[in-house]
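Okay, so here's the structure we're looking at.
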Ligand SMILES: [Mg+2]
Ligand SMILES: [Zn+2]
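Take a look at the structure:
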């Protein structure tokens with residue numbers, strides 16, 4: 148069966164930087180490649196879903212955003228695995244317009260599902276913010292909160308609101324849980 152894992156970028160795959168606009172601000176966490184390899188080795192489509200309001204704020208062009216995306220994919224490729232897609236919301240309601248793609252809305256995830264022929268029920272959303280979990284939940288995906296990035300500050304709210312199916316230290320922990328969960332829930 149086709150299945151997929153959506154991953155937030157900042158605070159999940161790479162450490163948070165304040166409004167990152169340059170490729171050299173993207174450095175993978177040590178847990179990222181082992182986690183991605185584990186998931187990819189089990190046949191998951193790996194899809195990035197990321198809010199990048201730096202574009203709406205006028206700090207980065209669409210071309211600049213694409214350059215950062217190319218760099219991220221290159222880092223992952225050099226590390227021996229690959230991302231199958233990446234979806235970015237360039238908007239921000241205060242600087243551009245309201246949109247249907249900025250997480251916690253589910254537009255980015257919906258686009259990824261469509262382009263890869265995936266069902267939400269066969270997908271997971273991994274991120275370090277409440278909005279990541281909310282976007283996944285909106286479509287009925289299982290959600291994993293990682294404690295990198297903003298994860299630690301989000302943890303209690305995620306628990307209180309039951310936003311996460313699992314909470315773990317990083318992307319590698321998320322990958323291990325996801326594979327266990329799939330093994331348990333497969334009929
Ligand atoms: Mg994040
Ligand atoms: Zn948007």
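In our numbering, the protein residues as written are 148 to 334.
Glycine residues also receive a C-beta, built at the ideal position from the N, C-alpha and C atoms.
The model shown is predicted, which means the values in this text are computed figures rather than measured ones.
Contact between residue 319 and residue 226 fails: their C-beta atoms lie close to 13 Å from each other, not under 8 Å. Cβ neighbours of residue 260 within its own chain (closer than 8 Å, five residues either side excluded): 151, 266, 267, 270, 286. Ranked by Cα distance from residue 157, the options 193, 148, 173 are led by 173. For residue 264 and residue 166, the gap between their C-alpha atoms comes out near 32 Å. By DSSP's assignment, residue 293 forms a beta bridge with 315.
Contact annotation: residue 237 and residue 202 have beta-carbon atoms nearer than 8 Å.
Check the Cα spacing between residue 317 and each of 255, 180, 210, 243: the tightest is with 180. Residues 158, 159, 176, 275, 317 of the same chain have their beta carbon placed closer than 7 Å to that of residue 295, with the five preceding and five following residues left out of the count. In summary, residue 283 is buried, with 16 or more beta-carbon neighbours lying within 10 Å of its beta-carbon over all protein chains present.
Selection around ligand 2 by beta-carbon proximity, strictly under 6 Å to any non-hydrogen atom, yields 236, 238, 246, 248, 249 in chain order. By the Cβ-count criterion, residue 321 is buried, with 16 or more other Cβ atoms from all chains shown falling within 10 Å of its own Cβ.
The count of Cβ pairs closer than 8 Å, one atom from the region 249-256 and one from the region 193-202, reaches three, so the stretches are in contact.
In the three-state reduction of the DSSP assignment, residue 256 falls in the helix class. CA-CA distance, residue 272 to residue 262, rounds to 16 Å. Within the chosen limit of 7 Å, ligand 1 reaches the beta carbon of residue 155 through at least one heavy atom. Residue 228 has its alpha-carbon roughly 21 Å from the corresponding atom of residue 293.
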